[in-house]
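The letter at position 325 of the sequence shown is residue 325 when you use full-length UniProt numbering, and the numbering goes up by one with no holes. Idealized CB from N, CA, C, for every residue including glycine.
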Amino acid sequence: MGLRGAKRASRSRCRCCLNGAEIDLSWARRPLRALGDALGSAGYKSCADDFEVTESLGFEPSGRGEHLYFFVEKRDANSHEVAVELAEACHVNRRSVGYAGRKDKFALTRQWFSVHRPGIDRPRLVERHHWRVLQVTRHAKQLRRGVLAGNHFNVLLRDVVADPAAIRARYDQIVSHGVPNYFGRQRFGANNLERAQAGIDDEMALSAARAALFNRMLSQRVGAGTWLQPVVGEPCLRPRSNGWLMDADRDHIEAGLADPCLPLFGPTPGLEADRQAAWIAEFSRAGSDVIRLLQAHSWTPFRRRSRLRPLDPSLEITPEGIRIRATLGPGAFMTALLDALFDLEDRHATHFDQ
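Laid out in structure tokens, this is it:
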């Protein structure tokens, strides 16, 4: 692997030209770090098998019901593409296929898909070039987005340029204290945020815009040193559970028993409406035109933890590189954890799950 003395990697800047004005959007993909500067540089996704993700639903399909459940392993294909091909193979409408979450395209991933197909017959599925079925069962309900316990990651970082002792110390810090729960670069895709900036109104652009606003708000809290300190009226979640705490006190925070939950763009009550209006105004002054795009839609209120904490973590230094394993909760991005260690170079940057 050749772990050498720490050296800062150069950061590419992402810019969008809108109405003749060049707008810097790199802040969305590289928000402020909470644990200090990157320790050095590392490459990831040198090949698909270097970034392995296995989904956990948190429940066992019953084996009975109108919905076929397929546990699928895929490479070089995004979740939507597999859903479309499953629908064709099962002779059903695309809307009859469900899955809990999008998985990276350029990666080795395993996840469940449901297909509404009443009856006892099971379609004969031919193994595809980019995916194969590992297990088939049945269940009574369709899989819905977000209905999962989490994802287990097994990631190999190559060409690491950093001090091994510093890496281990920082990783121990991540395990103990967590990192900001930013949306990862996959959410922004190759150009989803730029498309939102240009006013393109589709699901991926809107998702990127909403994530960018959250990242900016959380990044501001990181800069102010308040990302783990709930403000008045801000609810918190207990770690590794969905149990809410209102007005969590400092003892809860210091004991690691509460994670502040920040709102995504959308309706918010009371004092939070004023706070959201303030940071939206600040965001608009920064040159972004995505607010108008988001305001044209109705949004369901949703909150996201400010802190990401890995479960079952491990770090191994091998001749190939650094292997990191961890289980993350629903919606959490492994790249948000890795960014707390290194300036990352995506070796396959044009293959985000779009």
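- [ ] Determine the direct distance from the alpha carbon of Pro180 to that of Leu85, and round the result to whole angstroms.
- [x] Along the sequence shown, read from residue 1 onward, the residue named residue 85 stands at position 85. Along the sequence shown, read from residue 1 onward, the residue named residue 180 stands at position 180. Checking the displayed sequence, the identity of residue 85 turns out to be Glu instead of Leu. Spanning the two alpha carbons is a distance of roughly 36 Å.
TODO: Could you round the C-beta distance between Val232 and Leu271 to whole angstroms and report it? I think they count as a contact, below 8 Å.
DONE: By one-based count along the sequence shown, residue 232 stands at place 232. By one-based count along the sequence shown, residue 271 stands at place 271. Contact holds; Cβ gap of about 6 Å.
Open item on the list: Using the Cβ count rule (16 or more neighbours within 10 Å means buried), how would you classify Gln186?
Closed with: Here the question's residue 186 lines up with position 186 in the sequence shown. Label assigned to Gln186: buried.
- [ ] Assuming Gly189 and Ala208 form a contact by the criterion Cβ under 8 Å, report the distance between their Cβ atoms to the nearest whole angstrom.
- [x] Counting from one through the sequence shown, the residue named residue 189 turns up at place 189. Counting from one through the sequence shown, the residue named residue 208 turns up at place 208. That pair is a contact at about 7 Å.
- [ ] Determine the DSSP secondary structure at Cys147, reduced to helix, strand or coil.
- [x] The count along the sequence shown starts at 1 and reaches residue 147 at position 147. Position check: residue 147 holds Val in this sequence, whereas Cys was assumed. Correct three-state label for Val147: coil.
Open item on the list: If I follow the unbroken alpha helix (DSSP H) through Gly43, where does it start and stop?
Closed with: Counting from 1 along the sequence shown, the entry for residue 43 is found at position 43. Here Gly43 belongs to no alpha helix (DSSP H); instead the beta strand (DSSP E) covers Ser41 to Tyr44.
Open item on the list: Helix, strand or coil for residue 401? Go by DSSP, reduced to three states.
Closed with: The question about residue 401 has no answer, for the chain in this structure spans 1 to 354.
- [ ] Please report the residue range of the alpha helix (DSSP H) in which residue 355 lies.
- [x] There is simply no residue 355 to check, as the chain begins at 1 and stops at 354 in what is shown.
Task: Residue closest to Val175, alpha-carbon to alpha-carbon, out of Ser314, Ile322 and Leu32 - done: Counting from one through the sequence shown, the residue named residue 175 turns up at place 175. That would be Ser314, whose Cα lies nearest to the Cα of Val175.
Task: CA-to-CA distance, Ala165 to Leu143, given in whole angstroms - done: To locate residue 143, count along the sequence shown from 1; it is residue 143. To locate residue 165, count along the sequence shown from 1; it is residue 165. Distance between the alpha carbons of Leu143 and Ala165: 43 Å.
Open item on the list: Less than 8 Å between the beta carbons of Tyr44 and Leu344, yes or no?
Closed with: For the purposes of this step, residue 44 is taken as residue 44 along the sequence shown, with counting starting at 1. For the purposes of this step, residue 344 is taken as residue 344 along the sequence shown, with counting starting at 1. Taking 8 Å as the Cβ cut-off, Tyr44 and Leu344 qualify as a contacting pair.
Open item on the list: Let's see if you can read the secondary structure: which residues bound the beta strand (DSSP E) around Phe71?
Closed with: Along the sequence shown, one-based indexing puts residue 71 at 71. It spans His67 to Arg75 - the beta strand (DSSP E) in which Phe71 sits, taken as one unbroken run.
Open item on the list: Please tell me whether Asp159 and Ala42 are closer than 8 Å, where the distance is taken between their beta carbons.
Closed with: Reading the sequence shown from its first residue, position 159 is the one you call residue 159. Reading the sequence shown from its first residue, position 42 is the one you call residue 42. Yes, the pair counts as a contact, with Cβ atoms nearer than the cut-off.
Task: Environment of His297 [buried if 16+ CB atoms lie within 10 Å] - done: Residue mapping note: residue 297 aligns to position 297 of the sequence shown, counting from 1. By the neighbour-count rule (16 or more Cβ atoms within 10 Å), His297 is not buried but exposed.
Task: Straight-line Cα distance separating Phe113 from Ser306 - done: In the sequence shown, residue 306 corresponds to position 306, counting from 1. In the sequence shown, residue 113 corresponds to position 113, counting from 1. Cα to Cα, the separation comes out at about 29 Å.
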